[in-house]
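Participant: Heads up: the protein sequence lines correspond to chains A and B, in order.
The first sequence begins at 16 in this note's numbering and counts up one residue at a time.
The second sequence begins at 9 in this note's numbering and counts up one residue at a time.
Cβ atoms here follow ideal geometry from the backbone N, Cα and C, with glycine treated the same way.
Bear in mind that the values here come from a model prediction, so they are computed numbers and not experimental data.
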Amino acid sequence: MSNRSTRRRTSLVAVLCTLVLLIAACGDKKDDKKTTAPAKAPTFTTGSTMAKIQKKGKLTVGIKFDQPLFGLRSATSGGFEGFDVEIAKLIAQGIFGKGGADKITYKETPSKIREDSITGGDVDIVIATYTINDKRKKVVDFAGPYFQAGQRIMVKSDNTDIKGVKDLNGKKVCSVTGSTSIDNIKAQAPKADISNPFDTYSKCGEELKNGRVDAVTTDDSILYGLVSQNKGELKVVGDAFTEEPYGIGLKKGDDAFRTFLNNRIEAIEKSGEWKKAYKDTVGKIRTTTPEPPKVDRY
Amino acid sequence: MRVILDNLDTFTMALGVTLLLSLLSFAGAFLVGAALAAARVSPVPPLRQAATLLTELFRNIPLVVLLFLLYFGIPKIDIRFSPFITAVIGMSLYTGAYMGETIRSGINSVAVGQAEAARSLGLGFGQVLGIVVLPQALRTVVQPIGNLFSAHAKNTAIAASISVKDLTYQANKLGQENAEAVTTLLAVGMVYVVLLLGAGYGFAVLERRTAIRR
Chain A
16 MSNRSTRRRT SLVAVLCTLV LLIAACGDKK DDKKTTAPAK APTFTTGSTM AKIQKKGKLT
76 VGIKFDQPLF GLRSATSGGF EGFDVEIAKL IAQGIFGKGG ADKITYKETP SKIREDSITG
136 GDVDIVIATY TINDKRKKVV DFAGPYFQAG QRIMVKSDNT DIKGVKDLNG KKVCSVTGST
196 SIDNIKAQAP KADISNPFDT YSKCGEELKN GRVDAVTTDD SILYGLVSQN KGELKVVGDA
256 FTEEPYGIGL KKGDDAFRTF LNNRIEAIEK SGEWKKAYKD TVGKIRTTTP EPPKVDRY
Chain B
9 MRVILDNLDT FTMALGVTLL LSLLSFAGAF LVGAALAAAR VSPVPPLRQA ATLLTELFRN
69 IPLVVLLFLL YFGIPKIDIR FSPFITAVIG MSLYTGAYMG ETIRSGINSV AVGQAEAARS
129 LGLGFGQVLG IVVLPQALRT VVQPIGNLFS AHAKNTAIAA SISVKDLTYQ ANKLGQENAE
189 AVTTLLAVGM VYVVLLLGAG YGFAVLERRT AIRR
């Protein structure tokens, strides 16, 4: 390679870089008005979890890799997308300042291993459609809730006779074996036929599309994910009939860290960043943007 | 242990489902296998090729995939079978492919002179196969068919994935609901062992009775 062509190429790269920087800078300026990310990394009390994470230079977050709209690894790019991922980025910005979003290591934490990942120290926090409940509070602590899910009903797009949970009486309904969704439906619509549960929600979705069942019921967050994968074929109807507050899981007893996370959640809810994260992910399927839930400092 | 005793009637029902599924689909597999074997030794080339194709197809698709395709795929053309019927069909085809190869190996073990003698007496292909060759062929493959049955009966556990309420399905369900999955699966595992020891004994007796003394 001659010297000259190297130089020419270098200058071309330089021009391109400048262009990219300019565009990026313009974009940043727009966001600057809303962002609550500190320009420089804030200082934390030495010895606190926040300070340790800052020193390590990375925040390890447990998310779902297979939950559309919340935590999903893109099959094409290998990147991560979803509401939980956006929340993780906003938390990271609170620890590292601007650019903190790039300092996250994502680990897959399916439902079964969420508690063990936290107690074993595999992850700093878990943001994985993680419902806060008393049983889990005995093992881990929760910041938030940062999202309010609830059990709802999914039907085929052309269905008009199922509008709420009471309409499920006498209808065939699919849910997942052993889930709390099944117990809830038994209580709310005792005459619903739930004799054929499956082991995954995607199978329930197939049953619905094939017309073997009339409805599928579980957390709306999961249902919206299925709707997003089957655009135009399925829809979510009626109001939520249970409350499933999603929280950020962390090590039990780390109160300083929990307070920090709670403050951070409140800050992004107030600034509008929460709403933006919602609109960019779940809002693509669910058109109404709800009010963010109130943080519960138990 | 409580979870087993409290749900004894559910497990008994499930045992019935497992037995019925095993036997029905094994009978189906025998028919499929006999047809495939006959086609593969027939003098008609297209029939031979078709049988080879089907054998390789059903033998080389994982059973869990085959059942999934049958249960969730077929309804796309507006035909709906219950999970149980789907499992019977799927397992008949799957084990049928193996059965066909087993029977064919039996047919190949019958001395050529037998078929030639039958033909020289004026018997047609069907008669040669049905009256002369198959009865001898089957006697030599009782042991491998018994082997196939034990693999087949255990494979019925996969039908649980399309919600056939067999032993494995109930063990998973009740295990999950009561947080006792190890207990229920262990219990059900033992039931399979006992069942198959019985079947193995049956086939051993059958083998002794039908063995050709050479």
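How would you label A:K48, buried or exposed, when you count the other beta carbons within 10 angstroms and need 16 or more for buried?
Facilitator: Here the model assigns A:K48 a pLDDT of 49, short of 50, so the residue's position is not dependable, and the following value carries that caveat. Exposed.
Participant: Output, in chain order, the set of chain B residues within a Cβ distance shorter than 9 Å of A:P212.
Facilitator: S171 and K181
Participant: Is there contact between the stretch 94 to 111 of chain B and the stretch 32 to 41 of chain B, where contact requires at least three CB pairs shorter than 8 Å?
Facilitator: Yes, they touch.
Participant: Closest by CA to A:G86, which one among A:A103, A:I209, A:E259 and A:S172?
Facilitator: A:A103
Participant: If we count the other Cβ atoms within 10 Å of its Cβ and call it buried at 16 or more, is B:A35 buried or exposed?
Facilitator: exposed
Participant: Tell me, please, whether the CB atom of A:D47 is closer than 7 Å to any CB atom in chain B?
Facilitator: In this prediction, A:D47 scores a pLDDT of 43, lower than 50, which makes its location untrustworthy; the coordinate-derived value is nonetheless stated afterwards. Not an interface residue.
Participant: Could you tell me how far apart the beta carbons of A:R279 and A:I106 are, in whole angstroms, since I believe they sit closer than 8 Å?
Facilitator: Going by Cβ atoms, the distance from A:R279 to A:I106 rounds to 6 Å, so yes, they are a contact pair.
Participant: So, B:V140 versus B:Q122, is the Cβ gap smaller than 7 Å?
Facilitator: The answer is yes: Cβ separation under 7 Å.
Participant: Which residue comes first and which comes last in the alpha helix (DSSP H) that contains B:P152?
Facilitator: V150 to N163
Participant: Can you name the residues that DSSP bridges to A:G12?
Facilitator: Since the first residue of chain A shown is 16 and the last is 313, residue 12 of chain A is not available in this structure.
Participant: Excluding five sequence neighbours on each side, which residues of the same chain lie with their C-beta closer than 6 Å to the C-beta of A:L223?
Facilitator: V231
Participant: Quick one: is A:T192 near chain B, going by C-beta distance under 7 Å?
Facilitator: Yes, because at least one Cβ of chain B sits closer than 7 Å to the Cβ of A:T192.
Participant: Could you name the residues of the same chain whose beta carbon sits closer than 6 Å to that of B:A67, not counting the 5 residues immediately before and after it, in chain order?
Facilitator: For clarity, residue 67 of chain B is Arg in the given sequence; the question names Ala instead. Scanning its chain for C-beta atoms nearer than 6 Å, with the 5 sequence neighbours on each side dropped, one finds around B:R67 the residues A105, in chain order.
Participant: Below 8 Å between beta carbons is the criterion; list the residues of the stretch 56 to 85 of chain B that meet it against any residue of chain A, in chain order.
Facilitator: F80, P83 and K84
Participant: I need the DSSP call for A:A158, collapsed to helix, strand or coil.
Facilitator: Of the three classes helix, strand and coil, the one that applies to A:A158 here is strand, per DSSP.
Participant: Per DSSP, what are the beta-bridge partners of A:G264 in this structure?
Facilitator: A:V141 and A:F157
Participant: With 9 Å as the limit, tell me which residues of the stretch 220 to 238 of chain A have their beta carbon closer than that to any beta carbon of chain C; keep them in chain order.
Facilitator: No chain C is present in this structure, whose protein chains are A and B.
Participant: For A:A12 and A:V191, what's the separation of their Cα atoms in angstroms?
Facilitator: Because chain A spans 16 through 313 in this model, residue 12 of chain A falls outside it and cannot be assessed.
Participant: Taking the alpha carbon of A:G93 as the point to measure from, which residue in A:Y121, A:S217 and A:L249 has its own alpha carbon closest?
Facilitator: Minimum Cα distance to A:G93 is reached at A:Y121.
Participant: A:D3 lies in the alpha helix (DSSP H); which residues open and close that run?
Facilitator: Nothing in the structure corresponds to residue 3 of chain A, since chain A is present only between 16 and 313.
Participant: Can you round the beta-carbon distance between B:A207 and B:S158 to whole angstroms, since I take them to be within the 8 Å contact cut?
Facilitator: 6 Å
Participant: Which two residues bound the contiguous beta strand (DSSP E) that contains A:I128?
Facilitator: No beta strand (DSSP E) holds A:I128; DSSP gives it neither H nor E.
Participant: Candidates B:E109, B:N180, B:I153 and B:M21: which alpha carbon is nearest B:I166's?
Facilitator: Closest by alpha carbon: B:N180.
Participant: Give me whichever residues DSSP pairs with A:M319 in a beta bridge.
Facilitator: The question about residue 319 of chain A has no answer, for chain A in this structure spans 16 to 313.
Participant: Compare the C-alpha of B:P29 against each of B:L175, B:P83 and B:D86 and name the closest.
Facilitator: Note on identity: in this sequence residue 29 of chain B is Leu, with Pro being the wrong assignment. Relative to the Cα of B:L29, the nearest Cα in the group B:L175, B:P83 and B:D86 belongs to B:L175.
Participant: Tell me which same chain residues have a C-beta within less than 6 Å of the C-beta of A:T58, skipping the five on either side of it?
Facilitator: none
Participant: Pop quiz: A:V141 and A:R129 are said to be a contact at Cβ under 8 Å. What is the actual Cβ separation, rounded to whole angstroms?
Facilitator: 5 Å
Participant: Could you name the residues of the same chain whose beta carbon sits closer than 6 Å to that of A:T50, not counting the 5 residues immediately before and after it, in chain order?
Facilitator: none
Participant: Where does the unbroken beta strand (DSSP E) through A:G86 begin, and where does it stop?
Facilitator: G86 to R88
Participant: Identify, in the order they occur along the chain, each residue of the same chain with its Cβ nearer than 6 Å to the Cβ of A:C219, setting aside the five sequence neighbours on each side.
Facilitator: C189, F213 and V231
Participant: Among B:L71, B:V73, B:A46 and B:L23, whose alpha-carbon lies nearest the alpha-carbon of B:T60?
Facilitator: B:A46
Participant: Between which two residues does the alpha helix (DSSP H) carrying B:Y209 extend?
Facilitator: A189 to T218
Participant: So B:R88 contacts chain A; which residues on that side make the cut at Cβ distance below 8 Å?
Facilitator: N225, G226 and R227
Participant: Helix, strand or coil for A:V191 per DSSP?
Facilitator: strand
Participant: Quick one: grab the DSSP three-state call for B:D174.
Facilitator: Secondary structure of B:D174 (DSSP, three-state): coil.
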